[in-house]
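Below: one structure, written as structure tokens.
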Amino acid sequence: MTIRRLENIGIVVEDLKAAVDFFQQLGLTLLGEATVEGDWVDRVVGLDQVRSEIAMLQTADGHGRLELMRFARPTAHPGEGAAPANTLGIRRIAFAVDDIDASVAGLTARGIALVGDVVTFQDAYRLCYVRGPEGIIVMLSEELVDPASGDRASDAPPPD
1114 MTIRRLENIG
1124 IVVEDLKAAV
1134 DFFQQLGLTL
1144 LGEATVEGDW
1154 VDRVVGLDQV
1164 RSEIAMLQTA
1174 DGHGRLELMR
1184 FARPTAHPGE
1194 GAAPANTLGI
1204 RRIAFAVDDI
1214 DASVAGLTAR
1224 GIALVGDVVT
1234 FQDAYRLCYV
1244 RGPEGIIVML
1254 SEELVDPASG
1264 DRASDAPPPD
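Residue numbers (our numbering): 1114 to 1273.
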């Protein structure tokens, strides 16, 4: 088996509009919204009588997609909305940004707070976590550039 690409990441939310607004503020583009229901979706997700509103968003480069889902039925199970970063399971989603300071300034102006601080990792990346609606943690990562050469400062992948 060969995986060809990551198709999308799905996140179940209670307030679809707030989640869409948050990810649009981060710079994702809304591709479309729809309601899905019927036998095919019941069979795919292994639930009965599914009715879900979905929104598909895409990153600026066109390669990353995020599917936000709100289950009208069956009702979604509550999660731990403010779970810390070390909680088991999928805990965060990461996006590369051109200017982390401008990104953070824009988000904080809209009332979105940092989880911790903006930090530098091995002189290669500047990183931070922000918490969106329903406790979704988003890592922002700015790859640093050597001012003398203009080359990327990193040989290592960004940290978790």
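Cβ atoms here follow ideal geometry from the backbone N, Cα and C, with glycine treated the same way.
Asked	Found
Residue environment, Arg1244, which counts as buried when at least 16 other CB atoms sit within 10 Å	buried
For Gln1162, the first and last residue of its enclosing alpha helix (DSSP H)	Neither: Gln1162 is in no alpha helix (DSSP H) and is coded neither H nor E.
Gly1224 and Cys1241 closer than 8 Å at C-beta	no
Integer-rounded CB distance, given that Phe1184 should sit under 8 Å from Val1125	6 Å
Given Glu1193 as reference, the closest of Ile1250, Leu1119, Met1182 and Leu1179 once Cα atoms are compared	Ile1250
Identity of the residues DSSP links to Phe1136 by a beta bridge	The partner list for Phe1136 (beta bridge, DSSP) is empty, contrary to what the question assumes.
Of the residues Pro1246, Glu1255 and Glu1256, the one placed nearest Gln1138, counting alpha carbons only	Pro1246
Beta carbon of Asp1152 nearer than 8 Å to that of Gln1162	no
Continuous alpha helix (DSSP H) stretch holding Leu1220: start and end	Ile1213 to Ala1222
Inter-residue Cα distance where the pair is Ile1122 and Leu1141	13 Å
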